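In the order they appear, the protein sequences are chains A and B.
As numbered in this note's numbering, residues 1 to 114 make up the first sequence, in order.
As numbered in this note's numbering, residues 1001 to 1113 make up the second sequence, in order.
Positions of the beta carbon are idealized from the N, C-alpha and C atoms, including for glycine.
It should be emphasised that the depicted structure is a prediction, and the values quoted were computed from it without experimental measurement.
Structure first, then comments.
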Amino acid sequence: GDSVTQMEGPVTLSEEAFLTINCTYTATGYPSLFWYVQYPGEGLQLLLKATKADDKGSNKGFEATYRKETTSFHLEKGSVQVSDSAVYFCALNNFRGSARQLTFGSGTQLTVLP
Amino acid sequence: KAGVTQTPRYLIKTRGQQVTLSCSPISGHRSVSWYQQTPGQGLQFLFEYFSETQRNKGNFPGRFSGRQFSNSRSEMNVSTLELGDSALYLCASSPDGATGGYTFGSGTRLTVV
Chain A
1 GDSVTQMEGP VTLSEEAFLT INCTYTATGY PSLFWYVQYP GEGLQLLLKA
51 TKADDKGSNK GFEATYRKET TSFHLEKGSV QVSDSAVYFC ALNNFRGSAR
101 QLTFGSGTQL TVLP
Chain B
1001 KAGVTQTPRY LIKTRGQQVT LSCSPISGHR SVSWYQQTPG QGLQFLFEYF
1051 SETQRNKGNF PGRFSGRQFS NSRSEMNVST LELGDSALYL CASSPDGATG
1101 GYTFGSGTRL TVV
């Protein structure tokens, strides 16, 4: 079945540091890929997405490129802020007939220190 | 534009009871999905409804059920609650579930004692 593997956390960075959170996936066909972010006590917010190979999703300074050859969708940000502290989830949506569901990675806790 | 609304935000129930959670999707969205989030198992898919029909179901026991109404609002029900059902239950809506543009609600935190 489909699966998503995320870099183990927690990750602690200083403000303005470079961020990379690794994500690889296993799926048949051509899934869409996503990064979601969850702040304490809240639901998930869509951060960015890519629907086909070589697409780059970007939002709020975060970027990720859909690499089919390496089955990866790594999240990057050039300069993190304290407000970026949250849990980040990589996910895929694989279409089988009319069925739709998101398969999530285990999440990566990010803490940014001032 | 109103987001996805889940009620109630918090619930405390006793083992053996049943519970119903509600989700109002974004206006115009016809697909509603439910997920369970726990520290041990992470985010797991429960089921997805589209136009009042269940299109997909995750690997959960029959105690977990759901339905969708003609206005796309959805409810999920858990009967004979167990301690292990304590979790954050998240609802997500999408225009049609395609391309995966899901918007999540803030969730219902269920505690079973």
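For E42 (chain A), the C-beta contacts it makes with chain B under 7 angstroms involve S1106, in order along the chain. Against chain B, the beta carbon of Q109 (chain A) has no neighbour under 9 angstroms; the closest one sits roughly 11 angstroms away.
By the C-beta density criterion, I21 (chain A) is buried, having at least 16 other C-beta atoms within 10 angstroms. Against chain B, the CB of R67 (chain A) has no partner CB under 8 angstroms away; the residue lies outside that interface. When Cβ-Cβ separations below 8 angstroms define contact, L102 (chain A) makes contact with chain B.
With contacts defined as CB atoms closer than 8 angstroms, S1024 (chain B) and Y1049 (chain B) fail to qualify as a contacting pair.
For T70 (chain A), no beta strand (DSSP E) run applies, since DSSP gives it neither H nor E. When A:A86, A:G43, A:K56, A:T65 are compared, the shortest CA-CA separation from T108 (chain A) is found for A:A86.
Segment contact: the region 1011-1018 of chain B against the region 38-57 of chain A, fewer than three CB-CB distances shorter than 8 angstroms; contact not assigned. Ranking B:Y1089, B:V1113, B:T1111 by CA distance to the CA of F1104 (chain B) puts B:Y1089 first.
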